[in-house]
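Undergrad: For this note's numbering, count along the sequence shown from 1 and bump the result up by 1.
Built from N, CA and C at the ideal position, the CB exists for glycine as well.
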Amino acid sequence: MVNATEGFLNSVDKNEESLPYYTGNLHDSIAAYVSKSGRVIRACYMPQEATKPQHVTKLTAPKTRKDNGDTRYKEIWGYREAIKAVRNSKPLSKGIGSTLIVAVPYAGAADEDSSKPGYLDWLRETFNKTLESRLPELGLSNNEKV
Numbered sequence: 002m003v004n005a006t007e008g009f010l011n012s013v014d015k016n017e018e019s020l021p022y023y024t025g026n027l028h029d030s031i032a033a034y035v036s037k038s039g040r041v042i043r044a045c046y047m048p049q050e051a052t053k054p055q056h057v058t059k060l061t062a063p064k065t066r067k068d069n070g071d072t073r074y075k076e077i078w079g080y081r082e083a084i085k086a087v088r089n090s091k092p093l094s095k096g097i098g099s100t101l102i103v104a105v106p107y108a109g110a111a112d113e114d115s116s117k118p119g120y121l122d123w124l125r126e127t128f129n130k131t132l133e134s135r136l137p138e139l140g141l142s143n144n145e146k147v
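(1) Taking all protein chains shown into account, decide if Thr100 is buried (16 or more other Cβ within 10 angstroms of its Cβ) or exposed.
(2) With a 10 Å radius around its C-beta and 16 neighbouring C-beta atoms as the bar for buried, classify Ser36 as buried or exposed.
(3) So Ile77 packs on Gln55, CB below 8 Å; how close in whole Å?
(4) Assuming Val103 and Ile42 make a contact with CB atoms under 8 Å, what is their CB distance in whole Å?
(5) Can you give me the C-alpha to C-alpha distance between Asn89 and Cys45, rounded to a whole angstrom?
(6) Please report the straight-line C-alpha distance between Val13 and Leu124, rounded to a whole angstrom.
(7) Using the Cβ count rule (16 or more neighbours within 10 Å means buried), how would you classify Glu113?
(8) Go through its chain and collect everything with a Cβ distance to Thr127's Cβ below 8 Å, but skip five positions before and after it.
(9) With DSSP run on the structure shown, which of helix, strand or coil describes Ser12?
As C-alpha cells, then:
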C-alpha cells in the first residue's frame with residue numbers, strides 16, 4: 002500500500018499539467034497516507050514547488066492581516082496545509098487504508114473555476130486505479146476493499 006501510494010504521488014508529479022497551477026501551492030498540498038487500525042503508518046507528500054504563498058482574499062478569513070483598507074487575506078502554503086491535514090485526519094479504526102488529501106482551502110473552487118476543471122475527479126480516479134492495480138500483490142482481489 003505504501004509503495005502504491007508513493008507511486009501515485011510520483012505519477013501526479015510527473016503529470017502536473019493535469020492540475021491547475023498558479024503558485025504551486027495546490028500541487029504542494031496534495032498528500033496521501035496509509036493507515037492501519039486507526040494509526041497513520043506512512044504519510045507521503047508531493048515535492049515542494051511553491052516559492053511564494055497563495056493569497057486567499059476573504060473578509061472573514063481566519064488568521065488574517067489587514068491590507069489595503071477592508072481587504073484581508075490569508076497566506077496559504079500548500080505543504081503546511083498538507084502536513085496539518087494529515088496530522089488532523091482520523092484514519093480508519095480497523096483494517097488498512099489509504100487516504101488522498103488535497104489540503105488547500107480553495108481546492109474545490111479551483112476544481113470548478115480554473116484552467117483544469119474536474120482535476121479532483123482525475124486525482125480520485127487515478128488514486129483508486131493505482132491502488133486497485135496493486136491489490137493482487139497484497140493477496141486481495143478487486144472485489145475486496147481495504
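TA: According to the data block:
(1) Here residue 100 is taken as the residue at index 99 of the sequence shown, counted from 1. Result: buried.
(2) Against the sequence shown, residue 36 aligns to sequence position 35. Flag for Ser36 reads buried.
(3) Here residue 77 refers to the residue found at position 76 of the sequence shown. Here residue 55 refers to the residue found at position 54 of the sequence shown. Rounded, the Cβ-Cβ distance is 4 Å, consistent with contact.
(4) Start at 1 with the first residue of the sequence shown, and residue 103 comes out as number 102. Start at 1 with the first residue of the sequence shown, and residue 42 comes out as number 41. 21 Å between Cβ atoms; not a contact.
(5) Reading the sequence shown from its first residue, position 88 is the one you call residue 89. Reading the sequence shown from its first residue, position 44 is the one you call residue 45. Spanning the two alpha carbons is a distance of roughly 15 Å.
(6) On the sequence shown, position 12 is the one that residue 13 refers to. On the sequence shown, position 123 is the one that residue 124 refers to. Spanning the two alpha carbons is a distance of roughly 8 Å.
(7) Translated into positions along the sequence shown, residue 113 becomes position 112. Burial call: exposed.
(8) As a working mapping, residue 127 is identified with position 126 in the sequence shown. Cβ neighbours of Thr127 beyond the five flanking positions: Phe9, Ser12, Val13.
(9) Residue mapping note: residue 12 aligns to position 11 of the sequence shown, counting from 1. Looking at Ser12 - three-state DSSP - the assignment turns out to be helix.
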